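Student: My questions all concern the structure below.
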Amino acid sequence: MDDLLNEFLTETTESLSMLDVELVRLEQNPNDPKLLGNIFRLVHTIKGTCGFLGLPRLEMVAHAGENVLGKIRDGELEVTPVAVSLILEALDQIKAILTALEETETEPEGNDQSLIDRLNAFANSAGGAEYSGDEPADGGSLYERLGGAEAVEAVVDLFYRKILADERVSHFFEDTDMEVQHLRQKAFLTMAFGGPSAYTGKDLRAAHAHLAEKGLNDSHFDVVAGHLQATLDELQVPEELSRQVMEIVASTRDDVLGGSAPVDEAVTGEKAAPSPEGDSGEAQPAAGKTESASTGPGSGSKESSVAAQNIRVNVSLLENLMTMVSELVLTRNQLLQILRSQHESEFGGPLQRLNHITSELQEGVMKTRMQPIGNAWAKLPRIVRDLALELDKKIQLEMVGADTELDRQVLELIKDPLTHMVRNSGDHGIEDPAARTAAGKPAVGTITLNAYHEGGHIIIEVKDDGRGLPIEKLKAKALSTGLVSEAELESLSVQQINQFIFKPGFSTAEKVTSVSGRGVGMDVVCTNIEKIGGTVELKSEEGTGTTFIIKIPLTLAIVSALIVESAGERFAIPQISVLELVRASSNTDLSIETINETPVLRLRNRLLPLVSLRNLLALTRAEGPDGEVAAEAEAEENFIVVTQVGNYSFGIIVDRVFDTEEIVVKPVAPILRDISIFSGNTILGDGSVIMILDPNGFAAASGEATTTDTLAESTEAARGTVSDDRVALLLFHAGDASPKAVPLALVARLEEIQLDKIEYSGSVPMVQYRGHLMPLIMIDDNYELKSSGRQPILVFSDRGRTMGLVVDEIMDIVEETLTVELKSTQSGMIGSSIVEGHATEVIDAAYYLTRAFGDWFEARGSAPGDEASRTKRVLLVDDSPFFLNLLTPLLSVAGYDVTTAENAGEAMAMCEQGRDFDVIISDIEMPGMSGFEFAQAVRNNTRWRDTPIVALSSYTTEADLDRGRKVGFSDYVPKFDRDALLQTLSETIAMSGGAA
Amino acid sequence: MSADQAMKPVTSGNMGHEDSQEFVTMTIQDQLFGIPVLSVQDVLGPQAITKIPLASPEVAGALNLRGRIVTAIDVRKCLGLSERDEGDRGMSVVVDLSGELYSLIIDSVGEVLRLPSKSFERNPATLDPLWREVSMGVYRLEERLMVVFDVARLLNLKKAEAA
């Protein structure tokens, strides 16, 4: 892109963002002449530069805006929101054109006439009759009558062709850049004809200075003027117009020839076409002259005074410097590490010095990338203002700590999230004045932005004193979008509920405004901030306001990281995501517990999910005895890095924790890019390469890993129940004082419900749970529900049906060998067992299930086991893990040795392994091989040919029974008839046993 | 090495001749391999390598080469060969592939040879597909054969597998 144009774009964009801020300030302090002068100057400069570069569209808009400002400055108009809006609109239009200009390097097609007309009309509305009177009457300025930009272009084109063809004058232009000359001339003519141009005398002089130097004299000027006249004639410009043009040109004679009379005064004074041009020309001198005094001829020296202190440096150069300094820091670290290992080194002194210098250099280079956060805020006052107008609210924006500096890369990245948050605060947070007054607050709402440094991070607070987050609405929304169930919702704290606004598609705005409410937003904000390693915290109090606290690193290039070790390998975890370090060992209060082999940690009364770095990274433990040692060490003492990603905190189990170190994040090699768990790698002070863990990828991976693991492990645990007899038991209190237990594998979830949410269907209490009704069952008939407060429940779930067992208190989860010492006579209890040294009643989950759903199991109660059947081996084949879990304890209690298989294939594998059973119980409906096929296979199999098979099914039609018998089932039991099952089992075994 | 001596006069006489090319030779399990000398950045002795969990098995890890992080590839694994004996940590040849450095771990590095293109032949059709994939062809040396590595394929292979 043309350097000149580039410069122009940069400069104008800067001016425009400054204007946004200034205009809003002006609106608040309409009588500040300094402010107004500043604004006027900015707009004027924009207009001027546009004219110089030959950007007619921009120029016209800027010019019209300047008109209005000029009137305001002269006191003919007042600063009103309407006026400011109009000017802002003009600025927006300029911005739009600039954007297109940046892309295509030419002005986009289009017409701004209606905006310009409105601006002019506004300028004229208060501007006295002498301006507005004649203009519309004679159809606008000379410029417009000539035919606008196109006409001027044509004139200039032809004009120069004529000049260059004429020996008498052509040499004056020979070594001039004709393109620039064209643009200048065009701008000049535009101005001269009263078009929107910022062309001033000094520019004109500058443009023609070189001509005068070459000895351009009066006669030459006449020649040139003659050519212009000829050009105009040739283009059939009406005589009256051409006369005016020539008059104007004549009036510039002195200028071009080095005279001193500013041309614009002469011209606009005479023509009075778009009037404020005159105003600006007249009123400008104070500002204009001082500027021109320092600049003199030649347009390039304008920044000279600034240039003495500031230079523009390409950002990529700075990036390069930064990279090199990062490398230097690494090398420094390495050297220091070597130094530490050596005593009495003569390098000690110089290295220390190098150390200091490097640190200073690093700091210095970092500073070059630092920018005040105010730069990211520049747009906000404007946004808030527009918002307030649009929504008819009164909002003031306070910005504290705008000079707080942060890395420009980070700055760029938070600009949009911040804007969005401020918009949200204005739209959702601040109430309209009436509501505010009613609530006893000042009618003007305040949004406060506050930025400050805190330990290597920058904290940005976005605070409003509005209505706060509407908890009830959030709840309703969360429910309706299916994010949570009501029961889950009840157990959530206000803080947790507030966090819902960070969920995708979550908006509580009743109506979608142009500003917000589309439901995309806070989640994007959150993601964007997390992307740069930042966090968003939210504090809200209904009625008094909301505060977002954004914490972001100062820079992305160098991060502080915690170095940890797992299975002999070291890894770096970015410090920003580390909350705390916990040392857990089995002989202190803090020890790792497991639920179904999923490790958890009780940390300040909260259960923290844990992931083992070793497992997650599939780090192989060293083989042989070393491995044993390592594994034991893990059990004895562990370090847990408590990590937070968004609102999800979890602990990472590591073997050792070293130091924190400043590291430079380097991207990993392309062939490793698909491993999302690493955000990069780096070289440590000792020269070794280390992988940097990405907490985000980690959370995703661990979240997935934990869910899949739990599934896999739960089935494993189910099998484990049988093999080593150790069962995870959930201990709880309900009804009487004696502790009760239920196999944990049967419990789908632990919930807490709000008692006043309980509804009744007939006499059965129920609650809405995940969009369904869930019946609540009491531990016994005498149990009475309280009417308010919260109550823990155990949720049992199978095949889409759930029920809740109301308990008093959930105590613990233990792993115990479940041996039922005493059978219970009480319904609902399997018997008593010793758990943790206490007599504990083991409840019969099946009993409660039947109470919840009559058809879940058709019969209830536990039949006394047949003593003769003790040690009989039963193979239970069923595809539902739940059912397996349910029947296994039941059959165990009845004295059978139960082996389970989840499908027929697994069962057949056991057969091939040479296992024998006294009886096989098989489900009919199973994925893969059905029960019928299985029975047939068993019958065709030599080993199990004589083993009786009992069919279990929820469908018992005559046809089924027939088919069952045909394929070789010994008997057929309806799935939910447990009495019948036990009965059948003992009968079947007795028969085959008798035969054997 | 006799092959080396035999080639030397050719090398000095034909500097820059189109009909010959220089190779860094290396051995893996007694087989001679070659990589064009211009694509070799460095030859390294045994290095401290940081393992990279979850990466594909051919990726031995990452190492620090004068401040640059280099991904180490175990060529034995690429070729489907058994692991090196305990204690033998091998050597590495560092190659540059589109700006990224990779360290190929091999058993040992030999001399640089200049070989005439007339002694070059395409891969024998019967070559193991795993080998054929990463080999550009074979040079007939006087006493032995040298397989020329296709470095891009060697590293590309892993990419496909990891993805």
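Top to bottom, those sequences are chains Y and G.
For the first sequence, numbering that gives the first Met the number 0 assigns the number 0 to the initial residue and increments by one for each residue that follows.
For the second sequence, numbering that gives the first Met the number 0 assigns the number 0 to the initial residue and increments by one for each residue that follows.
Backbone N, C-alpha and C fix where the C-beta goes; we use that ideal spot for every residue, glycine too.
Just so we're clear, the structure is a prediction, and the values are computed from it rather than from any experiment.
Can you name the start and end residues of the alpha helix (DSSP H) that R117 (chain Y) belongs to?
Tutor: It spans 112-124 - the alpha helix (DSSP H) in which R117 (chain Y) sits, taken as one unbroken run.
Student: Less than 8 Å between the C-beta atoms of V58 (chain G) and T49 (chain G), yes or no?
Tutor: Cβ atoms of V58 (chain G) and T49 (chain G): not closer than 8 Å.
Student: So is I337 (chain Y) in contact with chain G if we call contact Cβ pairs under 8 Å?
Tutor: Judged by the 8 Å Cβ criterion, I337 (chain Y) is not in contact with chain G.
Student: Is R605 (chain Y) helix, strand or coil when you go by DSSP?
Tutor: It is a strand residue.
Student: Nearest by alpha-carbon distance to S91 (chain G): which of G:D73, G:G98, G:F148 is it?
Tutor: It is G:D73.
Student: Can you find a CB in chain Y that lies within less than 8 Å of the CB of K117 (chain G)?
Tutor: Not closer than 8 Å to any Cβ of chain Y, the Cβ of K117 (chain G) fails to qualify, so no.
Student: Here's a check: name, in chain order, each residue in its chain whose Cβ is nearer than 8 Å to the Cβ of T983 (chain Y), leaving out the five neighbours to either side.
Tutor: Result list for T983 (chain Y): V949, D970, V972, in chain order.
Student: Measure the alpha-carbon distance for G481 (chain Y) versus R769 (chain Y) and round it to whole angstroms.
Tutor: When rounded, the distance between both Cα atoms is 8 Å.
Student: On a CA-only basis, which of Y:V644, Y:V653, Y:Q341 is nearest T526 (chain Y)? Give me that one, please.
Tutor: Nearest of Y:V644, Y:V653, Y:Q341 to T526 (chain Y), Cα basis: Y:V644.
Student: Grouping DSSP H, G and I as helix and E and B as strand, with all else coil, what is I923 (chain Y)?
Tutor: Here I923 (chain Y) sits in coil by DSSP.
Student: Excluding five sequence neighbours on each side, which residues of the same chain lie with their C-beta closer than 6 Å to the C-beta of L43 (chain G)?
Tutor: Once the five neighbours on either side are set aside, the close Cβ partners of L43 (chain G) are S91.
Student: What are the boundary residues of the alpha helix (DSSP H) that V364 (chain Y) is part of?
Tutor: Its alpha helix (DSSP H) spans residues 347-368.
Student: Tell me, please, whether the CB atom of V58 (chain G) is closer than 8 Å to any CB atom in chain Y?
Tutor: At least one chain Y Cβ lies under 8 Å of V58 (chain G).
Student: Would you please verify whether the beta carbon of A477 (chain Y) is less than 8 Å from any beta carbon of chain G?
Tutor: False, the Cβ-Cβ gap to chain G never drops below 8 Å.
Student: In this structure, does DSSP put S97 (chain G) in helix, strand or coil?
Tutor: Reduced to three states, the DSSP call for S97 (chain G) is coil.
Student: I'd like the list of long-range same chain contacts for Q395 (chain Y), defined as Cβ closer than 6 Å, with 5 residues on each side in sequence excluded.
Tutor: V443, T445.
Student: Could you work out which residues of chain G lie near M323 (chain Y), taking near to mean beta carbons separated by less than 7 Å?
Tutor: By Cβ distance, chain G contributes nothing, its closest Cβ being about 11 Å from M323 (chain Y), past 7 Å.
Student: With a threshold of 7 Å on Cβ separation, who are the neighbours of D843 (chain Y) within its own chain once the five nearest residues in sequence on each side are excluded?
Tutor: If we look at D843 (chain Y) and ignore the five residues flanking it on each side, its Cβ neighbours are G827, M828, I829, S861.
Student: Quick check: what's the CA-CA separation for T899 (chain Y) versus W943 (chain Y)?
Tutor: C-alpha separation (whole angstroms): 16 Å.
Student: Among the candidates Y:A438, Y:M365, Y:H226, whose CA atom is the shortest distance from the CA of I406 (chain Y)?
Tutor: Just to set this straight, residue 406 (chain Y) is Asp in the shown sequence, not Ile. Of the candidates Y:A438, Y:M365, Y:H226, the one whose C-alpha sits nearest the C-alpha of D406 (chain Y) is Y:M365.
Student: So, with DSSP's three-state summary, where would you put S479 (chain Y)?
Tutor: Three-state result, S479 (chain Y): helix.
Student: Taking the alpha-carbon of P888 (chain Y) as reference, which of Y:V918, Y:K871, Y:A845 has the nearest alpha-carbon?
Tutor: When each option's Cα is compared against that of P888 (chain Y), the closest is Y:A845.
Student: Can you find the residues in the same chain that come closer than 6 Å, C-beta to C-beta, to M810 (chain Y), ignoring five residues on each side of it along the sequence?
Tutor: Contacts found: L730, F731.
Student: With a cut-off of 8 Å, do at least 3 Cβ pairs link the segment 24-35 of chain G to the segment 584-599 of chain Y?
Tutor: Short answer: they don't touch.
Student: Three or more C-beta pairs closer than 8 Å, one from the segment 307-324 of chain Y and one from the segment 672-689 of chain Y: is that the case here?
Tutor: The segment 307-324 of chain Y, when compared against the segment 672-689 of chain Y, does not touch it at the 8 Å Cβ threshold.
Student: Would you grab the beta carbon distance between I38 (chain Y) and L18 (chain Y) for me? Rounded to a whole angstrom, and I think it's under 8 Å.
Tutor: That pair is a contact at about 6 Å.
Student: Which first and last residues belong to the alpha helix (DSSP H) in which D41 (chain G) is found?
Tutor: Careful: D41 (chain G) lies outside any alpha helix (DSSP H), inside the beta strand (DSSP E) at 39-43.
Student: Anything in chain Y within Cβ reach of N63 (chain G), meaning under 8 Å, just list it in chain order.
Tutor: Result: I682, G686, S687, V688.
Student: Kindly indicate which three-state DSSP category D463 (chain Y) falls into: helix, strand or coil?
Tutor: If DSSP states are grouped into helix, strand and coil, D463 (chain Y) belongs with the strands.
Student: If the cut-off is 7 Å on Cβ atoms, which residues from the segment 647-673 of chain Y count as contacting chain C, listed in chain order?
Tutor: Structure shown: chain C not included; protein chains present are Y and G.
Student: Starting from L62 (chain G), trace the beta strand (DSSP E) in both directions and tell me its first and last residue.
Tutor: Segment 58-64, the beta strand (DSSP E) holding L62 (chain G).
Student: Tell me Q753 (chain Y)'s beta-bridge partners as DSSP assigns them.
Tutor: DSSP lists Y:R789 as partners of Q753 (chain Y).
Student: When you compare the segment 484-500 of chain Y with the segment 376-383 of chain Y, are there three or more beta-carbon pairs, one atom per stretch, that lie closer than 8 Å?
Tutor: Counting Cβ pairs under 8 Å, fewer than three are found: no touch.
Student: Mind listing the chain G neighbours of T330 (chain Y)? Cutoff is C-beta to C-beta under 8 Å, in chain order.
Tutor: Result: G66.
Student: How many angstroms separate the CA atom of D779 (chain Y) from the CA atom of I551 (chain Y)?
Tutor: Roughly 55 Å between the two C-alpha positions.
Student: With distances taken between CB atoms, is the gap from G439 (chain Y) to E541 (chain Y) smaller than 8 Å?
Tutor: No, the pair does not count as a contact, with Cβ atoms beyond the cut-off.
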